[in-house]
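Residue numbers (my numbering): 2 to 296. Here a beta-carbon is modelled for each residue, glycine too, at the ideal position from N, C-alpha and C. Quick caveat: nothing in here was measured; it's all calculated off a predicted structure. A short write-up of the structure that comes next.
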Amino acid sequence: MDKAFVDNLDRYISKLQYVSDHLKDSRTGEFRKSRRNNAAIASKSAPDFLAYCALVSLFRRNIGRLSEPSCVAIISVPSHWKPGDVDDAAKIILKGQEGIKICLHPTSKHKRGWEIDAAELLESGKKLIIFSQEGSVVHEDFELAATVIDKLVLGDARHLRALSRFRKCGHLTDEQAAIIALQPSDRMEAIFRRDQPASRAAARLSKNTVHSSEAPRYLDVTKGFGTASAWAQELKRDLADWRQGKLPWSDIDRGCLLYGPSGTGKTRFAAALAAECGLHDRVPASGVAGFHSHR
Numbered sequence: 002m003d004k005a006f007v008d009n010l011d012r013y014i015s016k017l018q019y020v021s022d023h024l025k026d027s028r029t030g031e032f033r034k035s036r037r038n039n040a041a042i043a044s045k046s047a048p049d050f051l052a053y054c055a056l057v058s059l060f061r062r063n064i065g066r067l068s069e070p071s072c073v074a075i076i077s078v079p080s081h082w083k084p085g086d087v088d089d090a091a092k093i094i095l096k097g098q099e100g101i102k103i104c105l106h107p108t109s110k111h112k113r114g115w116e117i118d119a120a121e122l123l124e125s126g127k128k129l130i131i132f133s134q135e136g137s138v139v140h141e142d143f144e145l146a147a148t149v150i151d152k153l154v155l156g157d158a159r160h161l162r163a164l165s166r167f168r169k170c171g172h173l174t175d176e177q178a179a180i181i182a183l184q185p186s187d188r189m190e191a192i193f194r195r196d197q198p199a200s201r202a203a204a205r206l207s208k209n210t211v212h213s214s215e216a217p218r219y220l221d222v223t224k225g226f227g228t229a230s231a232w233a234q235e236l237k238r239d240l241a242d243w244r245q246g247k248l249p250w251s252d253i254d255r256g257c258l259l260y261g262p263s264g265t266g267k268t269r270f271a272a273a274l275a276a277e278c279g280l281h282d283r284v285p286a287s288g289v290a291g292f293h294s295h296r
């Protein structure tokens with residue numbers, strides 16, 4: 002084959018490839034992994050780094066639909082993470098991008114209605130990204146307009162190991178990473194302290210988990226606590242109905258405050274009820290006890 006013809010053909014193919022890549026980037030570049038300094042993000046904030054990695058993964062698997070001219074994405078954030086941390090990470094990824102609006106969805110609808118104006122947000126830009134807390138009700142108009150509905154996967158073992166490497170916190174086994182992945186976002190800074198082994202924190206978390214699961218075995222929360230026992234039984238029924246789709250989350254009475262002098266069983270009551278209902282217990286070192294849901 003003529004050498005000049007081959008050279009011209011190669012140049013022509015290269016130009017086609019360049020044009021193709023350029024067109025693709027112009028359409029999907031806003032949701033592709035931007036060239037950020039991962040080490041700098043990890044150094045500044047552990048929750049931001051983990052949320053950043055999780056968002057990049059979510060954007061990648063939804064790249065086609067997210068890149069449509071008009072897009073509404075509802076992204077569910079796990080209940081043990083603060084949506085604000087995810088919002089910060091999204092701003093890092095989408096910094097400088099025009100026409101993209103980010104909304105933190107309220108966790109519940111009040112009797113007087115929603116505290117957000119869905120119509121205004123849907124008209125505010127071509128693309129709208131909504132972060133909602135897992136298990137909470139989402140505005141009906143957002144669900145109708147949604148192009149993408151997905152769940153943010155936080156605490157991936159690869160992301161945890163990358164954070165540990167950037168902060169010089171040593172290696173994490175699969176078991177250690179799984180324990181850390183269950184922790185709330187505001188605990189990540191304590192786990193990944195610079196130049197300190199994250200495996201040590203994982204070992205302590207594992208020990209605490211074992212102790213907390215053993216403590217309530219001999220306590221029956223349905224007896225001996227007066228009105229608190231009645232409330233506990235009602236909560237268990239409501240949670241069972243919610244898990245079966247019979248009751249909306251907003252109709253469940255999720256708050257309880259136990260108070261009294263030391264030794265009256267507040268801590269054991271909260272831990273036992275949390276275990277029976279499949280919740281995480283939060284027991285402060287004071288004269289009160291409480292717990293929160295983990296769905």
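(1) With burial defined as no fewer than 16 other Cβ atoms inside 10 Å of the residue's Cβ, what is the status of Ser251: buried or exposed?
(2) Only counting the same chain, and skipping five residues up and downstream in sequence, which positions put a Cβ closer than 7 Å to that of Lys127?
(3) My assumption, with CB atoms under 8 Å, is that Ser200 sits in contact with Gln177. Please give the rounded CB distance.
(4) Going by DSSP, what residues sit across from Gly114 in a beta bridge?
(5) Ala74 bridges to which residues according to DSSP?
(6) Just grab the DSSP bridge partners of Leu104 for me.
(7) For a test of the three-state rule: what should DSSP assign to Leu24, helix, strand or coil?
(8) When you compare the CB positions of His106 and Phe132, do they come within less than 9 Å of one another, or not?
(9) So what's Asp259 in DSSP terms, helix, strand or just coil?
(10) Assuming the contact rule is C-beta atoms closer than 8 Å, Tyr53 and Ile42 should be a hit. Round their C-beta distance to whole Å, please.
(11) Which residue's Cα is closest to the Cα of Leu122: Cys278, Glu116 and Cys104?
(12) Would you identify the three-state DSSP class for Gln333, choosing helix, strand or coil?
(13) Look at the alpha carbon of Asp118 and the alpha carbon of Ala147, and state the distance between them as a whole number of angstroms.
(14) In chain order, which alpha helix (DSSP H) runs of at least 4 residues are fully inside the stretch 178–205?
(15) Could you compute how far the alpha carbon of Arg269 sits from the alpha carbon of Asn209?
(16) Do you know offhand how far Lys96's Cα is from Arg188's?
(17) Assuming Ala109 and Ser137 make a contact with CB atoms under 8 Å, what is their CB distance in whole Å?
(18) Out of curiosity, what's the CA-to-CA distance linking Cys278 and Lys237?
(19) Contact check, Gln134 vs Pro84 under 8 Å by CB: the rounded distance?
(20) Just to confirm before moving on: does the CB-CB distance between Phe193 and Leu164 stay below 9 Å?
(21) Would a C-beta distance cut-off of 9 Å place Leu259 and Ala229 closer than the cut-off?
(22) I'd like the span of the alpha helix (DSSP H) that includes His160, first residue to last.
(23) Taking 9 Å as the CB-CB limit, is Gly279 close to chain D?
On the basis of the coordinates in this document:
(1) Ser251 should be labelled exposed.
(2) Pro70, Ser71 and Gly100
(3) 5 Å
(4) His111
(5) DSSP output for Ala74 lists Ile130 and Val149 as bridge partner(s).
(6) Note on identity: in this sequence residue 104 is Cys, with Leu being the wrong assignment. Partner(s): Ile131.
(7) Confidence is the limiting factor: at Leu24 the pLDDT is only 44, short of 50, which leaves the residue's position unreliable and the question unanswerable from this model.
(8) yes
(9) It should be noted that the sequence gives Leu, not Asp, for residue 259. It is a strand residue.
(10) With a beta-carbon spacing of about 6 Å, Tyr53 and Ile42 fall inside the 8 Å limit used to define contacts.
(11) Cys104
(12) In the structure as shown, the chain begins at 2 and stops at 296. Residue 333 is therefore absent and cannot be evaluated.
(13) Asp118 and Ala147: Cα-Cα distance of roughly 16 Å.
(14) 189–192
(15) 15 Å
(16) 26 Å
(17) Going by the sequence as given, residue 109 is Ser instead of Ala. Indeed, because the Cβ distance is near 6 Å, the residues count as touching under 8 Å.
(18) In a straight line, the C-alpha of Cys278 is about 6 Å away from that of Lys237.
(19) Right, their Cβ atoms sit about 6 Å apart.
(20) yes
(21) yes
(22) Ala158 to Phe167
(23) Here there is only one protein chain, and chain D is not present.
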